[in-house]
Amino acid sequence: MPWNLNGTYLESCNCDVVCPCTTSGLTAPADHERCQVTFAFHVESGDVDGVDVSDRSVAVFIDAPQVMAEGGWQVALYVDASADDRQAEALGKVFSGQAGGPMAALTPLIGEVLGVERTPIDYRDDGRRHAARIGDAIDIEIEDQVAPQYGDDGPVMGLTGVFHPVNSTLTIARSTRATGDGVYGRSWDFTGGNGHSAPFAWSA
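Anchor point for the sequence shown: position 154 equals 154 in the UniProt record's numbering, and the numbering is continuous, going up by one each time.
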């Protein structure tokens, strides 16, 4: 099943800035007892086996042990409610790893799928700020960081050469809002914690 996707993503987790998971290839302990992270994706253009999935969004919530490489992740998948049935099925296959590609590399780490939901996803990029609201469950805004000495228009700080399914280069960001409510029995406020953003270009 050939497919390709291009777009942008944001990430928010409960680690401090910058999280040990990202900088160690998932082998260093997270800053807290569990690593809880949300990835939100907006597909700007994409085709999955002949199905156009452009302008649709997807989010993945992960609750993992402190050392993520140990596996046993609990994962929930959220698919844009604006997607029709064919688009939702196609996106579900890609972002669950069933269709190969970067997400497939994570599937051996998954111990439990908490659920798959169709829900409204409002995803926005605004300069250095990136936001995603996933139904009534998750609300995130992150801001890419710039050294104060450079002023507001200075270069965004970043990580390069990282092992990450989205991109090997990520911005260093901090969440200005990061809340969850009733996410499979979990609620949180990670505001001020770690974040990342990046473009992605995937195919298989």
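C-beta: ideal position from N, C-alpha, C; glycine also.
Give the secondary structure of residue i by DSSP, where H, G and I count as helix, E and B as strand, and everything else as coil.
{"i": "TYR9", "result": "strand"}
{"i": "PRO155", "result": "coil"}
{"i": "THR27", "result": "coil"}
{"i": "GLU70", "result": "helix"}
{"i": "GLN149", "result": "helix"}
{"i": "ALA99", "result": "coil"}
{"i": "ALA137", "result": "coil"}
In terms of residue numbering, what span does the beta strand (DSSP E) encompassing residue i cover?
{"i": "PHE190", "result": "Premise fails: PHE190 is in no beta strand (DSSP E) and is neither H nor E."}
{"i": "PRO65", "result": "56-65"}
{"i": "THR171", "result": "169-171"}
{"i": "PHE39", "result": "34-48"}
By the DSSP assignment, the alpha helix (DSSP H) with residue i in it spans what residues?
{"i": "GLY92", "result": "85-95"}
Tell me whether residue i is buried or exposed, calling it buried when 16 or more other Cβ atoms sit within 10 Å of its Cβ.
{"i": "TYR150", "result": "exposed"}
{"i": "ARG56", "result": "buried"}
{"i": "SER45", "result": "exposed"}
{"i": "ASP181", "result": "exposed"}
Bridge partners of residue i, per DSSP?
{"i": "ARG129", "result": "ASP126, GLU143"}
{"i": "SER175", "result": "ILE142"}
{"i": "ALA198", "result": "TYR9"}
Confirm the yes/no value for this check: CB of residue i, any heavy atom of the ligand SAM, distance under 8 Å.
{"i": "ALA28", "result": "Of ligands this structure carries none, so the ligand SAM is not represented either."}
Do the stretch 29-41 and the stretch 134-143 touch if we need at least three Cβ pairs shorter than 8 Å? yes
Using 8 Å as the cut-off, can you tell me whether the stretch 152-165 makes contact with the stretch 42-62, which would need three or more C-beta pairs spanning the two stretches below that distance? With contact defined as three or more Cβ pairs closer than 8 Å, the stretch 152-165 and the stretch 42-62 are not in contact.
If you pair each beta-carbon of the stretch 18-32 with each one of the stretch 86-97, do three or more pairs fall below 8 Å? no
The stretch 83-91 / the stretch 66-73 touching (three or more Cβ pairs under 8 Å): Verdict: no, contact absent.
Tell me, please, whether the stretch 171-179 touches the stretch 104-119 by the rule of three or more beta-carbon pairs shorter than 8 Å. no
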